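Visitor: Take 1 as the starting number for the sequence shown in full-length UniProt numbering and just add one per residue.
Shown below is the structure under consideration.
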Amino acid sequence: ISDQKPLGCWSVKHGQVLSCPVVCNFETHEYIAVHDDKVLRIWKDEDINLDKAFKATLSADVHRIHSLPEGGPLVLFKGGGVRTLDVLLEAPQQEIENIVSDEAIRWSEAFMESQQPVVVFATEKDGDFFVYVQKPKLDNLHKYRLEPQESATPLSFTAYLKNQTVTLLCLYSNDSVYQVLIPLQQDAEEEEQILPKSLLLNLSVSGSVLKGTSLVVLDKDHVAVLGSLAAPDKEPKECLTVWNTKFQTLQTSKELPLGTSGQLWCYEEKIFLTHGKVLTVIMYKCETSSLAAAVGKLKSSQTPGVSCFVNWDTLEGEELVVSLQSQESVALKAESRMNLRSRRSNIAKVQPENFSIGQLLLNLKDAPTNVLERELKQLMSKAQTPDLQAAIGSVVSALTNRCKTNPRYYPQNFLLQIVETRDLSYSLCPDLMAVALEKRDFYLLQICLQRFPDIPEEMTYACLKTFLSISDAYLRMTDVDLDSVICYIDVEFNSKEVKTEIVENGFNAELDQDMCDTKIPRETHSKSDGESCPVAPQRAALLNAVLHSAYTETFLLPHLKNLPAQQAILFLRYLYYLYVKCSEKVNTTLPGVRSPTINQIMDWMCLLLDAHFTVMVILPEARELLSKLHKFVRAQVRFYSELNKIEGSLRELQRLNHLRDSQTYSIEVLEII
């Protein structure tokens with residue numbers, strides 16, 4: 001999320017509208033969507049075109065799909081009917097009962113109770129609110145009427161299930177949160193019951209009132225409420241607040257100056273909300289609530305160096321994780337894309353046994369080098385599993401900060417050991433690659449490019465430009481991992497490549513002579529013909545690492561356009577060489593460890609041509625390369641077209657082979673027309 005790298009993107013046709021949120025089927029790892037209220041779509045990650053995905057047209061309008069990790073997807077229809085996805089797919093046009101008549105569904109949620117799915121939803125009709133509890137597999141349904149509240153209406157609902165009782169929390173327009181208890185074990189009754197409610201929380205403190213828009217449950221004693229905090233004679237400000245419902249106190253709040261959509265989500269101890277144009281993720285941890293924690297009167301000896309509840313700092317700033325003691329309630333960690341890459345040096349984290357990493361790093365700021373490294377190694381060995389990643393990130397940040405302040409200091413082996421043995425990411429140590437680039441530590445950069453999943457496109461481009469501009473003489477003295485190139489680039493002791501014959505998959509000079517001015521011989525030792533690698537093995541290994549780095553085309557293209565023309569041509573020559581090498585193999589796969597895939601090669605070729613097409617057309621040396629690339633691709637297109645023509649015959653041969661009795665000797669003549 002910190003670098004906004006989309007893992008997949010699917011679109012419906014023009015005029016179609018996704019009518020409810022898309023969910024994931026945890027059992028089959030498929031996505032489920034509904035567009036235009038009735039059309040169900042199911043697809044997987046590898047599916048590209050949504051229009052070609054599985055499609056089923058249903059007989060009634062869908063309100064929402066709920067996906068349970070152990071109960072499978074449940075489809076809630078606008079009429080109140082519920083079906084499991086499996087039952088629905090057996091007969092998509094089956095009749096769906098209308099339960100709610102003229103009522104409109106305002107909220108719904110699904111739970112698992114005794115290995116049975118339970119769907120709870122609230123409806124509204126003429127200002128009256130109703131709650132339905134349905135067990136679709138048991139054909140069990142209960143309807144309740146929500147006790148009306150004078151001059152106030154529900155704005156938002158949330159619920160949790162515990163001990164066979166659904167606890168429904170309702171945020172009302174009178175700035176209060178009410179609690180409703182709904183027991184699941186009840187006999188069927190003809191008349192609807194009225195659900196009594198009790199006041200759980202007043203959203204006001206010190207004369208300020210929170211005009212809430214949505215709320216989520218953090219645990220049985222804490223809720224998070226998103227809304228606008230209005231103080232007397234002051235302009236309302238949007239903010240996220242955390243309240244202790246047990247002691248009726250506001251535990252913490254944070255202003256959101258960029259505004260929100262009014263929506264709030266909670267999943268697996270993470271709060272999700274939109275802040276401006278950024279999706280912000282706030283990690284939290286709820287522990288046993290106490291009166292001392294609720295009113296901020298915990299003794300300082302219990303939490304040395306930590307504020308009584310949580311230190312938000314700013315949503316735009318450093319990563320903050322405050323792990324409070326057993327009597328405290330919530331720990332929050334705010335992450336945002338804005339400056340997440342640029343500032344991670346001040347990480348406030350309290351470890352078990354009252355051990356503060358932030359305090360230790362502060363004490364070691366001016367310590368001698370040997371003392372610093374010794375203490376940091378001990379810190380990593382002592383860090384507990386839940387806090388290990390943040391601890392390692394703070395260690396790397398401390399080392400890179402020392403490198404910046406002391407140019408002569410660079411613990412190459414220590415940094416390499418951390419990167420190779422720990423599961424790090426760029427966002428945990430954003431200055432590491434910049435320091436390695438400044439020190440020209442190409443081996444460390446290579447490992448980072450291979451291992452980090454969230455490298456910004458600007459850093460990927462900086463590495464690419466450096467790898468293309470560095471001299472061969474310098475690279476020959478550089479320690480680089482050659483595992484990705486050694487299997488398809490033969491290296492002699494004098495570091496020159498041994499040329500070998502290339503027989504391109506689907507490329508034939510005679511076949512292509514009508515489109516080529518000159519035939520391309522099968523055996524040649526010229527580098528320009530694509531047979532020999534245009535770059536040294538060390539440079540090839542570094543470029544392969546760049547090809548493996550994840551990127552978003554929209555963010556990378558502006559940087560690629562700044563690549564000097566000669567470097568762009570050299571990179572394209574290498575990509576063309578890899579493309580030809582891949583085409584030699586039937587499975588279009590290069591040998592070796594972490595070798596580039598055919599898709600990575602072609603994607604980068606397209607990117608490079610998009611960024612430098614005008615330059616490529618003008619420069620003579622580039623025109624020759626483009627011509628060869630064009631001929632090779634066109635020959636392959638022709639080759640695969642010929643294969644497509646005989647695809648039917650090949651399938652018939654395969655079918656006949658299955659029908660043939662292996663015990664009988666026969667001679668068959670098959671004519672392919």
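All residues carry an ideal CB built from backbone N, CA and C; glycine is no exception.
For clarity, every value in this text was computed on a predicted model and none was experimentally measured.
1. Do you know whose CA, among Phe414, Ile392 and Tyr409, lies nearest Ser425's CA?
2. Helix, strand or coil: which one does DSSP assign to Tyr247?
3. What's the call for Gln540, buried or exposed, on a 16-neighbour Cβ count within 10 Å?
4. Does the distance from the CB of Lys143 to the CB of Cys170 come in under 8 Å?
5. So what's Glu647 in DSSP terms, helix, strand or just coil?
6. Counting along the chain, where does the alpha helix (DSSP H) carrying Leu416 start and finish?
7. Report yes if the C-beta distance between Pro154 and Phe129 is below 8 Å; otherwise report no.
8. Got a sec? Which residues, its chain only, sit under 8 Å from Val17 by beta carbon, not counting five neighbours each side?
9. Which first and last residues belong to the alpha helix (DSSP H) in which Ser583 is found?
10. Where do the ends of the beta strand (DSSP E) carrying Tyr178 lie?
11. Does Arg655 pass the burial test, meaning 16 or more other C-beta atoms within 10 Å, or should it be called exposed?
12. What do you reckon, are the CB atoms on Lys561 and Ala622 nearer than 8 Å?
13. Does the pairing of the segment 582-600 with the segment 640-648 give three or more beta-carbon distances under 8 Å?
14. May I have the straight-line CA-CA distance separating Glu319 from Ser228, to the nearest angstrom?
15. Name the residue from Tyr267, Asn49 and Glu238 whose alpha carbon lies nearest to the alpha carbon of Glu255.
16. According to DSSP, is Lys404 helix, strand or coil?
17. By DSSP, does Gly262 sit in helix, in strand, or in coil?
18. From Asn644 to Leu625, what does the alpha carbon distance come to, in whole angstroms?
19. State buried or exposed for Ala91, treating a residue as buried only when at least 16 other CB atoms are found within 10 Å of its CB.
20. Between Pro69 and Phe26, is the Cβ-Cβ spacing less than 8 Å?
21. My output table needs one value for His14: the three-state DSSP class, helix, strand or coil.
22. Quick one: is Ser460 buried, meaning 16 or more other Cβ sit within 10 Å of its Cβ, or exposed?
23. Just grab the DSSP bridge partners of His275 for me.
24. Please classify Lys125: is it buried, with 16 or more other beta-carbons within 10 angstroms of its beta-carbon, or exposed?
25. Cys24 and residue 706 - do their beta-carbons sit closer together than 8 Å?
26. Return the chain-ordered list of same chain residues with a C-beta closer than 6 Å to the C-beta of Val180, the five sequence neighbours on each side being excluded.
27. Buried or exposed: where does Tyr267 fall if 16 or more other Cβ atoms within 10 Å of its Cβ makes it buried?
28. Are the beta-carbon atoms belonging to Cys429 and Ser397 less than 8 Å from one another?
29. Within the same chain, show all residues whose beta-carbon is closer than 6 Å to that of Trp265, passing over the 5 residues directly before and after it, in chain order.
30. DSSP has Val82 in a bridge; who is on the other side?
31. Let me make sure I understand the geometry here. Which of Thr249, Ala224 and Pro453 has the alpha-carbon closest to that of Leu240?
32. Apart from the five residues on each side of it in sequence, which residues of its chain come closer than 8 Å, Cβ to Cβ, to Asn544?
33. Mapping DSSP to helix, strand and coil, what is Lys254?
34. Helix, strand or coil: which one does DSSP assign to Leu556?
35. Whole angstroms are fine: how far does the CA of His630 sit from the CA of Ile569?
36. Starting from the Cα of Gln450, find the closest Cα among Asp423, Thr466 and Thr158 and give me that residue.
Guide: Based on what the coordinates show:
1. Working through the sequence shown from its first residue, we reach residue 425 at position 425. Among Phe414, Ile392 and Tyr409, the Cα nearest to that of Ser425 belongs to Ile392.
2. By 1-based counting over the sequence shown, the position of residue 247 is 247. At residue 247 the sequence reads Phe, which differs from the Tyr that was named. Note: Phe247 maps to coil in three-state DSSP.
3. In the sequence shown, counting from the first residue as 1, residue 540 sits at position 540. Note that residue 540 is Ala in the sequence shown, not Gln. The residue in question, Ala540, is buried, as its Cβ has 16 or more Cβ neighbours within 10 Å.
4. Here residue 143 refers to the residue found at position 143 of the sequence shown. Here residue 170 refers to the residue found at position 170 of the sequence shown. Not closer than 8 Å, so no.
5. On the sequence shown, position 647 is the one that residue 647 refers to. Correct three-state label for Glu647: helix.
6. For the purposes of this step, residue 416 is taken as the residue at position 416 of the sequence shown. Start and end: Gln412 to Thr421.
7. Locating residue 154 in the sequence shown gives position 154, where the first residue counts as 1. Locating residue 129 in the sequence shown gives position 129, where the first residue counts as 1. Cβ atoms of Pro154 and Phe129: closer than 8 Å.
8. The residue given as residue 17 occupies position 17 in the sequence shown. Short of 8 Å from the beta carbon of Val17, and not among the five residues preceding or following it, lie these beta carbons of its own chain, in chain order: His35 and Asp36.
9. The sequence position of residue 583 within the sequence shown is 583, counting from 1. Counting along the chain, the alpha helix (DSSP H) containing Ser583 begins and ends at Ala565 to Glu584.
10. As a first step, residue 178 is located in the sequence shown; it is residue number 178 there, counting from the start. From DSSP, the beta strand (DSSP E) with Tyr178 extends over Ser176 to Pro183.
11. Looking up residue 655 in the sequence shown gives position 655. Arg655 should be labelled exposed.
12. As a first step, residue 561 must be located in the sequence shown, where it is residue number 561. As a first step, residue 622 must be located in the sequence shown, where it is residue number 622. Their beta carbons are not under 8 Å apart, which means Lys561 does not touch Ala622 by this criterion.
13. no
14. In the sequence shown, the residue the question calls residue 319 occupies position 319. In the sequence shown, the residue the question calls residue 228 occupies position 228. Only weak support exists for where Glu319 lies, its pLDDT of 30 falling under 50; the value from the coordinates is given anyway. Taking the straight line from one Cα to the other gives about 25 Å.
15. The residue labelled residue 255 in the question sits at position 255 within the sequence shown. Comparing Cα positions, the closest option is Glu238.
16. Here residue 404 refers to the residue found at position 404 of the sequence shown. If DSSP states are grouped into helix, strand and coil, Lys404 belongs with the helices.
17. Locating residue 262 in the sequence shown gives position 262, where the first residue counts as 1. Correct three-state label for Gly262: coil.
18. Here the question's residue 644 lines up with position 644 in the sequence shown. Here the question's residue 625 lines up with position 625 in the sequence shown. Between Asn644 and Leu625, the C-alpha separation is close to 29 Å.
19. In the sequence shown, residue 91 corresponds to position 91, counting from 1. Burial call: exposed.
20. Within the sequence shown, the letter at position 69 stands for residue 69. Within the sequence shown, the letter at position 26 stands for residue 26. Cβ distance < 8 Å, so Pro69 and Phe26 count as in contact.
21. Within the sequence shown, residue 14 is the residue found at index 14, counting from 1. Looking at His14 - three-state DSSP - the assignment turns out to be coil, as it is neither helix nor strand.
22. On the sequence shown, residue 460 is found 460 positions in, with the first residue counted as 1. Note on identity: in this sequence residue 460 is Thr, with Ser being the wrong assignment. Per the 10 Å Cβ criterion, buried.
23. In the sequence shown, residue 275 corresponds to position 275, counting from 1. Val278, per the DSSP bridge assignment.
24. As a position in the sequence shown, residue 125 is number 125, starting the count at 1. Classification for Lys125: exposed.
25. Any question about residue 706 goes unanswered here, given that the chain covers just 1 to 673.
26. Taking the sequence shown and counting its residues from 1, one reaches residue 180 at position 180. Correct list, in chain order: Leu168, Leu195 and Lys197.
27. Mapped onto the sequence shown, residue 267 falls at position 267. Label assigned to Tyr267: exposed.
28. Along the sequence shown, read from residue 1 onward, the residue named residue 429 stands at position 429. Along the sequence shown, read from residue 1 onward, the residue named residue 397 stands at position 397. Yes, Cβ-Cβ distance for Cys429 and Ser397 is below 8 Å.
29. The sequence position of residue 265 within the sequence shown is 265, counting from 1. Here the set comprises Phe272.
30. Locating residue 82 in the sequence shown gives position 82, where the first residue counts as 1. Looking at the DSSP assignment, Val82 forms a beta bridge with Leu76.
31. Residue mapping note: residue 240 aligns to position 240 of the sequence shown, counting from 1. It is Ala224.
32. Sequence index remark: in the sequence shown, residue 544 carries index 544 (1-based). Hits under 8 Å: Ser484, Val485, Arg594, Ser595 and Pro596.
33. As a first step, residue 254 must be located in the sequence shown, where it is residue number 254. DSSP places Lys254 in strand when its eight states are reduced to three.
34. In the sequence shown, counting from the first residue as 1, residue 556 sits at position 556. Three-state DSSP puts Leu556 in a helix.
35. Locating residue 569 in the sequence shown gives position 569, counting from the first residue. Locating residue 630 in the sequence shown gives position 630, counting from the first residue. Cα to Cα, Ile569 sits roughly 15 Å from His630.
36. Position 450 of the sequence shown, counted from the first residue, corresponds to residue 450. Of the candidates Asp423, Thr466 and Thr158, the one whose C-alpha sits nearest the C-alpha of Gln450 is Asp423.
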